[in-house]
Each structure stands twice: as C-alpha cells, then as structure tokens.
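My numbering numbers the first residue of the sequence shown as 1 and each following residue consecutively. Backbone N, C-alpha and C define an ideal beta-carbon position, used for all residues, glycine too. None of the values given here were measured: they were computed from a predicted structure.
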Amino acid sequence: MPSDAFAASTVLPESFARWFASRGWAPRAHQLDLLARASGGASVLLIAPTGAGKTLAGFLPSLTDLASRPRRKPGERYRGIHTLYISPLKALAVDIERNLGRPVAEMELDIVVETRTGDTPAHKRQRQKLVPPDILLTTPEQLALLIASKDAERFFAGLKYVVLDELHSLVTSKRGHLLALGLARLRRFVPELRTIGLSATVAEPDALRRWLVPQSSPDAMADVITVEGGAKPVITILDSEERVPWAGHSARYAIGEIYEAIKAHRTTLLFVNTRSQAEFLFRELWRVNEDTLPIALHHGSLDVAQRRRVENAMEANALRAVVATSTLDLGIDWGDVDLVVHVGAPKGASRLAQRIGRSNHRMDEPSRAILVPANRFEVLECRAALEANYLGAQDTPPLQQGALDVLAQHVMGMACAQPFDEADLLDEVRSAAPYAELDADTFARVVEFVATGGYALRSYERYARIRKTRDGLWRVSHPRFAQQYRLNVGTIIESPMLNVRMTRQRGKGGNVSGGPVLGKVEEYFLETLSPGDTFLFAGKMLRFEGIRENECFVSNATGQDARVPVYAGGKFPLSTYLAAEVRSMLADSERWRKLPEQVADWLAIQSEKSVLPKAGDLLVETFPRGNRHYMVAYPFEGRLAHQTLGMLLTRRLERAGAHPLGFVATDYALAIWAHSDMGALFRSGELPLSALFDEDMLGDDLDAWLAESWLLKRTFRACAVIAGLIEKRHPGQEKTGRQVTVSADLIYDVLRTHDPDHILLRATRADAAAGLLDVSRLADMLSRIRGRIMHKDLDRISPLAVPVMLEIGKERVKGDADEMLLSEVEEDLVHEAMGD
Numbered sequence: 001m002p003s004d005a006f007a008a009s010t011v012l013p014e015s016f017a018r019w020f021a022s023r024g025w026a027p028r029a030h031q032l033d034l035l036a037r038a039s040g041g042a043s044v045l046l047i048a049p050t051g052a053g054k055t056l057a058g059f060l061p062s063l064t065d066l067a068s069r070p071r072r073k074p075g076e077r078y079r080g081i082h083t084l085y086i087s088p089l090k091a092l093a094v095d096i097e098r099n100l101g102r103p104v105a106e107m108e109l110d111i112v113v114e115t116r117t118g119d120t121p122a123h124k125r126q127r128q129k130l131v132p133p134d135i136l137l138t139t140p141e142q143l144a145l146l147i148a149s150k151d152a153e154r155f156f157a158g159l160k161y162v163v164l165d166e167l168h169s170l171v172t173s174k175r176g177h178l179l180a181l182g183l184a185r186l187r188r189f190v191p192e193l194r195t196i197g198l199s200a201t202v203a204e205p206d207a208l209r210r211w212l213v214p215q216s217s218p219d220a221m222a223d224v225i226t227v228e229g230g231a232k233p234v235i236t237i238l239d240s241e242e243r244v245p246w247a248g249h250s251a252r253y254a255i256g257e258i259y260e261a262i263k264a265h266r267t268t269l270l271f272v273n274t275r276s277q278a279e280f281l282f283r284e285l286w287r288v289n290e291d292t293l294p295i296a297l298h299h300g301s302l303d304v305a306q307r308r309r310v311e312n313a314m315e316a317n318a319l320r321a322v323v324a325t326s327t328l329d330l331g332i333d334w335g336d337v338d339l340v341v342h343v344g345a346p347k348g349a350s351r352l353a354q355r356i357g358r359s360n361h362r363m364d365e366p367s368r369a370i371l372v373p374a375n376r377f378e379v380l381e382c383r384a385a386l387e388a389n390y391l392g393a394q395d396t397p398p399l400q401q402g403a404l405d406v407l408a409q410h411v412m413g414m415a416c417a418q419p420f421d422e423a424d425l426l427d428e429v430r431s432a433a434p435y436a437e438l439d440a441d442t443f444a445r446v447v448e449f450v451a452t453g454g455y456a457l458r459s460y461e462r463y464a465r466i467r468k469t470r471d472g473l474w475r476v477s478h479p480r481f482a483q484q485y486r487l488n489v490g491t492i493i494e495s496p497m498l499n500v501r502m503t504r505q506r507g508k509g510g511n512v513s514g515g516p517v518l519g520k521v522e523e524y525f526l527e528t529l530s531p532g533d534t535f536l537f538a539g540k541m542l543r544f545e546g547i548r549e550n551e552c553f554v555s556n557a558t559g560q561d562a563r564v565p566v567y568a569g570g571k572f573p574l575s576t577y578l579a580a581e582v583r584s585m586l587a588d589s590e591r592w593r594k595l596p597e598q599v600a601d602w603l604a605i606q607s608e609k610s611v612l613p614k615a616g617d618l619l620v621e622t623f624p625r626g627n628r629h630y631m632v633a634y635p636f637e638g639r640l641a642h643q644t645l646g647m648l649l650t651r652r653l654e655r656a657g658a659h660p661l662g663f664v665a666t667d668y669a670l671a672i673w674a675h676s677d678m679g680a681l682f683r684s685g686e687l688p689l690s691a692l693f694d695e696d697m698l699g700d701d702l703d704a705w706l707a708e709s710w711l712l713k714r715t716f717r718a719c720a721v722i723a724g725l726i727e728k729r730h731p732g733q734e735k736t737g738r739q740v741t742v743s744a745d746l747i748y749d750v751l752r753t754h755d756p757d758h759i760l761l762r763a764t765r766a767d768a769a770a771g772l773l774d775v776s777r778l779a780d781m782l783s784r785i786r787g788r789i790m791h792k793d794l795d796r797i798s799p800l801a802v803p804v805m806l807e808i809g810k811e812r813v814k815g816d817a818d819e820m821l822l823s824e825v826e827e828d829l830v831h832e833a834m835g836d
C-alpha cells in the first residue's frame, strides 16, 4: 500500500485528535503512516529531517495501544514493559522522558514512563525490575544487563515495540553490535516484536532496514518511510577580521566574534569535538564575558548532577549559551536554541547536519549555524561540509561485521540468564544483522574462549567462566563470574578515570577531607601533575592537591596559568566524503572565491611557489631546512590513515638509506624528516616515489611493524576487557589503569607466542585495521594515486607545508610562553614560505 494510502486509512483515537487540535497541530502524514504500518505488525524505519516530529511518530503506536488498555485496577502494580526506547545518549533519554511526559499528562493517560541509564540509582533500577514502567527509556548497556537476568523472559513477556532513536548513531559501533544481539534475544522472547527506527541522517537506508528485522533471508528488511523537505539551514563560515591561524585547534582568534554572536541570539549551542576543547572554549568565553551572560558547560566527564543542572536550565531558557561535545548533538530539543556555533571543523557532513539541527528544532523553520574553523585547512573543510549540507550529502560510516569480543560478552551474558544450547544460540545470534554471516566454527571458538580462555589459557581455572554439563547445555561455572559480568558489561572502553573531588579542609599533616565530586579526569593526565599545579575542569580553575584512594583531590585556584586535561579518545576522523571535497576544492581556483580572502591568497601563493594537486593526485614536496631534509605529502585521508602511512614510509626510507628521524601527521598532511636528501633519492630514481607508495606496504611491512608496535597491545587491552578476559571492576574494588595494562600485556605476549590464532587476537587485528590504522582507507588511497604522484623538489618550505611543519616538535609550554614560542616559530616558517 502506498505511503499516503496508509496515512489516509489511519484514524487517531479521539483523545489524541483532541490533543493535537488543542496545540494547534494536525498529525503529519508520515506520523499516521508509521502508526498504520506498526499497528499492522510491520517494523519501520522513519527517515525524516530535524523538526519533523520523528520522536512523536515513533511513540504514537505505543501510546495509542497503551491508551486502549483498561486502566489499572486499584493495587495493580505489575503490567510489564510494553515499549522499550533505546537511546545512544543518557541526556537524550532524559529529554525524551520530559517531552513524552507532556502528552501523557495532558491526555491523562494511564501510562508510566521512566528512564534507566548508568546514572539511574541502583535502588530505582531494582524497583523497576519488580514494578516496571509501561515505557522504559534506556541504553544498549542497560538492555544487555536486563536480558542477562534470570527473569528476563518474564520481564519482557508483554513487550510489543522497541523504538530506536538516532539509529544511524547506534549501529555503526560495537554498541550497535551489542544492541543487535540484545534485540535478537528479545525476539526469542517475543517473536512478533516490532521495531521502529528513527533517523535524520542515513547514507545507506537498506542497511538500516536489514538491521531492524531478523535476518531469516537476505532480502529481509523493515518498511521505510522517507520524509522529504524541511527548511534548508542557514549556514555561514566565520569570515574573521582576525588572522586565521596556520595550525592549532583552539580557535582562540575568534573568541571575541563568537561572544558577539552569543549576545545577538536568545540561546546559542556551541559544539566542539573534544572535551579538552570544551573546557578551553568555556574558559575563554568567561574571560571575555563582560556582560556576565549565563554560559554553561556540558560534556560526558562532568558529574551527572552538574549535567542535569545544565539540562534543566536549558529547558527553562535560563542560559544564553552552552558549550558541549557530542553529549548534546543527537535529537536534543531543549529551550529556544536559535543558533548553533560549531568551533573547529565538523569532520563529517552528517555530523554537521545532526548538530545544526539542534537550532530552531522545527521542520518548517531554518536552522542557523556558524562554522568557526580553527586553522586554514579547516576553512576548506568547513566550506566542503557547508556545501555538502546544502546538497543533502550523507557520510555516515558503513556498517561493519559483528565484533567477536562483543559476541563473547553476549555469550557470557546469555549463560548468566539461563543455561543455553550452543546450536540454538548460534541461530539466535545469526538473526542479528551484524552476525548474519557468522560461521559455526568461529562461533564455536568464541564459546570455547568463554569456557576456557582459549588453548594457551585453558589450564587456568580463573578463565573457565562457563562449562558444559551432562544435559549438553552451557552454564555459568561459578556465581562470581555472573557478578563480574554485570559489573563490566558494555563496549565503551575509556582510559582509566579518577573522580575529581573538591577538598573541604586541610587537617594536620596536610590531610584533606572530601567535598563534592566534579566529574572524572583520565588517570594518565593526573599522573603528570605535581601538588600545586593548576588545571581547568568543570569550568573551574583547580589546584591539584594529590591522589588518595583512587580519587583526585583539588581546590579552587586563581590565575591564568593552567593546563587543560587531555583525553585519549574523542578525536573524530575526517570523513572520506569531506576529504574528497577538500582535494577537489584545492584543484579548482574558481571555488576559492567563496573562501576568506586570506585563505584564497594562501592557496594562490602555493600555486605560484609550488603546485596544487589535481583532485585525484597526491602531491609530494621535498625541501631542505636547517640541517635536515623534509618530505611532505598531502593525501587528505585523515589522521589515522596518515599515522599508519608515516610508520610504513619511515620503515621503507630506512631501508633505502635515507635515515628518517621522525614524522608527524595531521588530518590533511604527513611530514617526514631525515638526515639524507629524500628529494635526491626520488630524482635519481634510486628510490622511485611509485615504489615508496606501492600498495604492497600493506602486506609484509604492515605485519612486521605491527609485530613490534604498541598499538596492537593497546587494542588488545580494549578487546580483552570487552570480552571479559580481563575485568576492570571486581566486587568491592576497581583495577587501576596500570593494573589493567599489566594484565593485558602479559596475556597478549603469552597468546602471541603460544596461540597466535586466538579469537581475541583475531578481534584485535580487525579492530586495529578498522580503527587505529584505518587500513581500508589507506588501501583505497594507495590504489587511487597509482601513477598519479606529483613530486615538487623545492629549495624551501612551501606555503601549503606550513601547517604540518608547525606540528613538528610542538611542546606544551605553560602560560603566555606557549603562545609566544608558537608565534615565533610560525613567523619564521611563514616568512620563509611566503617571502620572495
């Protein structure tokens, strides 16, 4: 039946029709369409622009069905979960609870809506298992815990709908793999379960349609409803009167202009890509906040109480600006946000569209956004992202095959719930889209790993978490393993964090007593501090007092000389789509007219003094400077791919006798420096560039480098924690980061020596190739540039090389000395590159 025919055949219950009318609304066609399809038993993917009422559409089947049930009898408590809502963000679940509460209250519906996230107190989570709400708003990790309970089948017996919000964000990571396995278990409990996926940004709709339904056949897909239209956003790139920096990520040059934009709007949401940038930007805005405007900070490391205060203030329109990371970029609809400022390049067209959608959260009104590039290359990236947004281009990452460490975690969880038959569980797992191609041998090896730890570890009782009994079923071998599973469930592996706690007083001997917790900071950063050092966190200037019992104690400090915590995760990779657009822009001087004058002039001088590559070419420049020789390549493939390329190229240059000394990579370029003249090697044919950049480097060279690299150990550590081989948390205690590292490194060395085909090593190599190394993208690049490498042998640095050269040897110097040092280095490089 066509979409409009579905909508026409659907009649809202009278109470719902009155509620729509009371607010001056009429249900949109896609909302009625989804209601009809879902009520008829279909699973549905709804793709609609921001402000189109996706969330209400997703919940209409649940609300109307619940409204038709008899009201609770006096004393009736247990009715079971009717609808499960899965969110990628805790804040989004809280937002949905707030927004869903309005129609429920205004229509006087007998419906209970509650959230269950990692921030929910334990006593409330326990009560929810005994007296569940009708609609439970939760996260993938909490679902994993719920299905691992012995009474999970009873708990979910009445489940009818699962609503998956921001589906594109959920499915592209290991969290999505864990969630897909959880849905497969729910379908075993409730075969007629219907799923509703909601998304505004989708590159491959059919992949999401398959993800939403059990994979009984290759063509099994959910229905899809696509809503076209919506007002085009109004996006500008800040054309600053200040000089745009050559390098760096702070955008300090633009603070004054950002502040003026905040003053000119009701509420501004300022997005950055990392928590460190959020702390820095918040501090800088308060430094110039002469009007004492209410400006707040929101990121995932802050204490939950502080985050909730910010969210409540946003809803009450009590804030003029909020500096945020990705904690607020998905579906949040709070307050009268009328401007989004994106500080730094967005790294992806879809991510930019998602964040811009937080402004004027109405389908028929344009969102307004200002992009603030932090450096000159980011100007190009911001321009590419802006044009992609107007074209409606999407670049969400493709779906990956299910990770084996996640599968191992799930197998353990299913044993915690009840004894399982291996063949039955394999069938269930294969019904989840990420694992549809899983072969029986690999699954058997995953089960064996959970049961013994694998061949090299099978003699150690501590790794025997499940065992096969005479009835042929796998069972948990000891209750402590079930307890450890529940403490360690999930796939988000952060670097070890310590609570940051304010001190109340100093006692004898300098002892301090604890005050409120501000949030968490990574352990390795705190270990670089000495008592008396200052750093920025939670929007405060803090003095480091010391670490005691795995907590960091701090006090208030004054002054400007403070460090910003650096978080190990968090930097988004430059998307393939935007990288291609930047290359295209460099090659087309006609497009430079849309760039700020100072950036267009920079590119024009580069074309005079060297060359700008064609869109499909790779430019390689060589030049001497001081007593070293440099090679700078411009692949524009993202930092991860460039770092891997740098590692492999230095190995090849070493073999060629170039004596490389080091390299540095950015999202846009790669610079290698050496004792020998690399340009001479290329000119003479002694080392042809075609041989240096040959695709065969991804064979033996990559394997040899990985064998001696710390990267695989780091990746193995995360896989081992997810798979349950190493527990970060034990009942009553938590391992320090150093303890986890030592345990993982020892096991890694044992497995590499005695069991090189171990299932976790296989998972580690897959993770490293896709994540830390970006091997597939590097392979595509090497294939693309075959026969298309441009070499410019220069006598001095080129204008295009200045940004990456500024990254070489960059050291953190406290206070104004940092700015002075970088300014002096920059001045020398720029004069050399741009001068006559």
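| task | Determine the direct distance from the alpha carbon of residue 752 to that of residue 711, and round the result to whole angstroms. | result | On the sequence shown, position 711 is the one that residue 711 refers to. On the sequence shown, position 752 is the one that residue 752 refers to. Residue 711 and residue 752: Cα-Cα distance of roughly 14 Å.
| field | Contained alpha helix (DSSP H) runs [length at least 4] in the stretch 677 to 712, N- to C-terminal order | value | 678 to 684, 689 to 692 and 700 to 708
| task | Measure the alpha-carbon distance for residue 118 versus residue 805 and round it to whole angstroms. | result | Taking the sequence shown and counting its residues from 1, the one referred to as residue 118 is at position 118. Taking the sequence shown and counting its residues from 1, the one referred to as residue 805 is at position 805. Cα to Cα, the separation comes out at about 43 Å.
| request: If I'm right that residue 81 touches residue 417 with Cβ under 8 Å, what's the distance once you round it to whole angstroms? | output: Mapped onto the sequence shown, residue 81 falls at position 81. Mapped onto the sequence shown, residue 417 falls at position 417. So it is not a contact: roughly 16 Å between Cβ atoms.
| task | Determine the direct distance from the alpha carbon of residue 623 to that of residue 402, and round the result to whole angstroms. | result | Here residue 402 corresponds to residue number 402 of the sequence shown, with the count starting at 1. Here residue 623 corresponds to residue number 623 of the sequence shown, with the count starting at 1. Straight-line Cα distance between these residues: approximately 46 Å.
| Span separating the alpha-carbon of residue 139 from that of residue 175 | Counting from one through the sequence shown, the residue named residue 139 turns up at place 139. Counting from one through the sequence shown, the residue named residue 175 turns up at place 175. Cα to Cα, residue 139 sits roughly 9 Å from residue 175.
| said: residue 689 and residue 620 - do their beta-carbons sit closer together than 8 Å? | reply: Walking along the sequence shown from the start, residue 620 turns up at place 620. Walking along the sequence shown from the start, residue 689 turns up at place 689. Going by C-beta atoms, residue 620 is nearer than 8 Å to residue 689.
| CA-CA distance, residue 226 and residue 383? | Your numbering for residue 226 matches position 226 in the sequence shown. Your numbering for residue 383 matches position 383 in the sequence shown. Between residue 226 and residue 383, the C-alpha separation is close to 28 Å.
| First and last residue of the uninterrupted beta strand (DSSP E) at residue 312 | As a first step, residue 312 must be located in the sequence shown, where it is residue number 312. That residue, residue 312, is in no beta strand (DSSP E); its alpha helix (DSSP H) goes 304 to 315.
| query | To which residues does DSSP link residue 614 through a beta bridge? | reply | Within the sequence shown, numbered from 1, the residue matching residue 614 stands at position 614. Residue 614 is not bridged to any residue.
| query | Grouping DSSP H, G and I as helix and E and B as strand, with all else coil, what is residue 673? | reply | Within the sequence shown, residue 673 is the residue found at index 673, counting from 1. If DSSP states are grouped into helix, strand and coil, residue 673 belongs with the strands.
| task | Could you tell me which residues DSSP pairs with residue 647 in its beta bridges? | result | As a working note, residue 647 is residue 647 in the sequence shown. Within the DSSP bridge table, the entry for residue 647 names no partner.
| When the distance is taken between beta carbons, is residue 404 closer than 8 Å to residue 763? | Residue numbering aside, residue 763 sits at position 763 when the sequence shown is read from its first letter. Residue numbering aside, residue 404 sits at position 404 when the sequence shown is read from its first letter. Yes, they are a contact pair.
| task | With DSSP as the reference, label residue 220 as helix, strand or coil. | result | In the sequence shown, counting from the first residue as 1, residue 220 sits at position 220. Here residue 220 sits in coil by DSSP.
| request: Give the C-beta separation of residue 618 and residue 635 to the nearest angstrom, bearing in mind that I take them to be a contact with Cβ-Cβ under 8 Å. | output: By 1-based counting over the sequence shown, the position of residue 618 is 618. By 1-based counting over the sequence shown, the position of residue 635 is 635. Between residue 635 and residue 618 the Cβ distance is about 6 Å, and since that is below 8 Å, they are a contact.
| task | Closer than 8 Å by C-beta to residue 68: which residues in its own chain qualify, once you throw out the five before and the five after it? Chain order, please. | result | If you number the sequence shown from 1, residue 68 lands on position 68. Contacts found: 13.
| task | Note the first and the last residue of the continuous alpha helix (DSSP H) segment covering residue 770. | result | The count along the sequence shown starts at 1 and reaches residue 770 at position 770. Segment 759 to 770, the alpha helix (DSSP H) holding residue 770.
| field | contact_flag[the stretch 15 to 25, the stretch 168 to 187] where n(CB pairs < 8 Å) is 3 or more | value | no
| task | Buried or exposed for residue 133, please, with buried defined as at least 16 other CB atoms from any protein chain shown within 10 angstroms of its CB. | result | The residue labelled residue 133 in the question sits at position 133 within the sequence shown. Buried, since its Cβ has 16 or more Cβ neighbours within 10 Å.
| query | What three-state label does DSSP hand residue 489 in the structure shown? | reply | The residue given as residue 489 occupies position 489 in the sequence shown. Coil at residue 489, not helix or strand.
| said: Quick check: the Cα distance between residue 840 and residue 125, rounded to an integer number of angstroms? | reply: The structure shown has nothing for residue 840, since the chain only spans 1 to 836.
| With DSSP run on the structure shown, which of helix, strand or coil describes residue 849? | The question about residue 849 has no answer here: the residues shown for the chain are numbered 1 through 836.
| query | Taking C-beta to C-beta, are residue 344 and residue 327 nearer than 8 Å? | reply | As a first step, residue 344 is located in the sequence shown; it is residue number 344 there, counting from the start. As a first step, residue 327 is located in the sequence shown; it is residue number 327 there, counting from the start. Annotated as distal: residue 344 and residue 327, with beta-carbon spacing of 8 Å or more.
| task | Please list, in chain order, all residues of the same chain as residue 240 whose beta carbon is under 7 Å from its beta carbon, the five residues on each side excluded. | result | Here the question's residue 240 lines up with position 240 in the sequence shown. Closer than 7 Å at the Cβ level, and outside the excluded window around residue 240, lie 253, 254 and 257.
| field | 8 Å Cβ cutoff met for residue 774 and residue 633 | value | For the purposes of this step, residue 774 is identified with residue 774 of the sequence shown, where counting begins at 1. For the purposes of this step, residue 633 is identified with residue 633 of the sequence shown, where counting begins at 1. Against a cut-off of 8 Å, the Cβ pair of residue 633 and residue 774 comes out as no contact.
| Beta-carbon spacing of residue 450, residue 502 below 8 Å | Counting from one through the sequence shown, the residue named residue 450 turns up at place 450. Counting from one through the sequence shown, the residue named residue 502 turns up at place 502. No.
| message | Given this structure, state the Cα-to-Cα distance separating residue 629 from residue 436, to the nearest angstrom. | response | As a position in the sequence shown, residue 629 is number 629, starting the count at 1. As a position in the sequence shown, residue 436 is number 436, starting the count at 1. Using only the alpha carbons, I get a separation of about 51 Å.
| task | Express the C-alpha separation of residue 542 and residue 467 in angstroms, rounding to a whole number. | result | If you number the sequence shown from 1, residue 467 lands on position 467. If you number the sequence shown from 1, residue 542 lands on position 542. Going by the C-alpha atoms only, they are around 51 Å apart.
| query | Can you check whether the CB of residue 661 is closer than 8 Å to the CB of residue 674? | reply | Stepping through the sequence shown from its first residue, residue 674 is reached at position 674. Stepping through the sequence shown from its first residue, residue 661 is reached at position 661. Yes, the pair counts as a contact, with Cβ atoms nearer than the cut-off.
| query | Rounded to a whole number of angstroms, what is the C-alpha to C-alpha distance between residue 90 and residue 664? | reply | Stepping through the sequence shown from its first residue, residue 90 is reached at position 90. Stepping through the sequence shown from its first residue, residue 664 is reached at position 664. In a straight line, the C-alpha of residue 90 is about 37 Å away from that of residue 664.
| query | So, residue 832 versus residue 797, is the Cβ gap smaller than 8 Å? | reply | Numbered from its first residue, the sequence shown carries residue 832 at position 832. Numbered from its first residue, the sequence shown carries residue 797 at position 797. Their beta carbons are under 8 Å apart, which means residue 832 touches residue 797 by this criterion.
| Identity of the residue in 540, 196 and 198 nearest residue 287 by Cα | Position 287 of the sequence shown, counting from 1, holds the residue named residue 287. Of the candidates 540, 196 and 198, the one whose C-alpha sits nearest the C-alpha of residue 287 is 540.
| field | Residues that residue 719 bridges to, as DSSP identifies them | value | Residue mapping note: residue 719 aligns to position 719 of the sequence shown, counting from 1. Residue 719 pairs with nothing; no bridge assigned.
| query | Would you report the Cα separation of residue 839 and residue 238, rounded to the nearest angstrom? | reply | Outside the displayed range of the chain (1 to 836) lies residue 839, so it cannot be described from this structure.
| request: Would you tell me roughly how many angstroms separate the C-alpha atoms of residue 569 and residue 213, rounded to the nearest one? | output: Position 569 of the sequence shown holds residue 569. Position 213 of the sequence shown holds residue 213. For residue 569, the predicted model reports a pLDDT of 49, less than 50, meaning its position is unreliable; a value from the coordinates is still stated below. Their Cα atoms are separated by approximately 32 Å.
| request: Please state if the CB of residue 275 and the CB of residue 325 are separated by a distance shorter than 8 Å. | output: Residue mapping note: residue 325 aligns to position 325 of the sequence shown, counting from 1. Residue mapping note: residue 275 aligns to position 275 of the sequence shown, counting from 1. Result yes, Cβ atoms of residue 325 and residue 275 sit closer than 8 Å.
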